[in-house]
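All residue numbers in the sequence shown are consecutive under the working numbering, ending with 218.
Notes follow the structure.
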Amino acid sequence: MSAPAPAPVGGGPGRLFPLPLVGAAVLLAVLIVLTPNLLSTGSPSAGSVESQLELLVDRAPSGDNATHVYLRGLSLVRYTSLSIAWGNLSGTTAPGSLAGVDWSSHVDSGPSLELDAVVLGTAFALNVSGVFVDTTGAAVLFGGEYAFVWSGGMLYTTAYGTASGAAPASLSQLPLVLLPPSTPLASAPSTLVAPGGA
């Protein structure tokens, strides 16, 4: 028969606070302190990734002749104003300039999370813009001009100015996501009107 193990001598801290328990408690305390900073629910700053506007271009794979376009943020942010203007293009290729486009078709929105429109036709141009103002009053304008041509089941995109386009995309690769470039504003405009708008 074996003898029982001798009782530990002394009353050190390891007896009352076992090392694994202390490590878990320290880790929990660090997470409690850092979590509010990691998961900020405040409004993002103007020009940050969280305030970036995105343009989504989509078409139903069932052969629908309507192209759906959406303006919204990469994260959940409210824009001071959003605008989508579009016009039909003639021909099967994008023009060198959008100077002659009739921008009379447009939708505008005041403070909003997103804006959408339905564009009919196989060749059209979009002029999109949005203004974001953060809690400090700093403002940024997102905007871009694009031409889209549907041909042979593919969507061909051309960007103008400082905007960047995308490679041709098939219906199965949609929605197409484009990020209009940003420009800091000296002050926030009270309203934003689309080209051709009143």
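Where is the CB? At the ideal position from N, CA and C, for every residue including glycine.
All values reported here derive from a predicted model rather than from experimental measurement.
Residue nearest to Glu70 within the set Gly181, Val97, Asp78 and Val46 is Val97 (criterion: CA-CA distance). Between the stretch 165 to 181 and the stretch 141 to 148, the count of C-beta pairs closer than 8 angstroms reaches three or more; the two stretches touch.
For Trp106, the enclosing beta strand (DSSP E) begins and ends at Ser101 to Asn108. Contact between the stretch 90 to 109 and the stretch 118 to 134 is present, with at least three C-beta pairs closer than 8 angstroms.
Rounded to the nearest whole angstrom, the CA to CA distance from Ala186 to Tyr176 is 8 angstroms. Here the alpha carbon of Ala66 sits roughly 6 angstroms from the alpha carbon of Val153.
C-alpha of Gly93 to C-alpha of Leu194: approximately 18 angstroms in a straight line.
In the structure shown, Pro204 adopts extended strand secondary structure according to DSSP, grouped into three states. Secondary structure note for Thr155: it is in no beta strand (DSSP E), with a DSSP letter that is neither H nor E. Straight across, the Cα-Cα distance linking Pro201 with Ser149 is about 10 angstroms. Sequence-distant Cβ neighbours of Thr203 in its own chain, meaning closer than 6 angstroms and more than five residues away, are Leu161.
DSSP, reduced to helix, strand and coil, places Val53 within a helical segment of the structure shown. DSSP, read as helix, strand or coil, puts Ser117 in coil. Closest in C-alpha terms to Tyr99, from the list Ala45, Gly130 and Glu165, comes Gly130.
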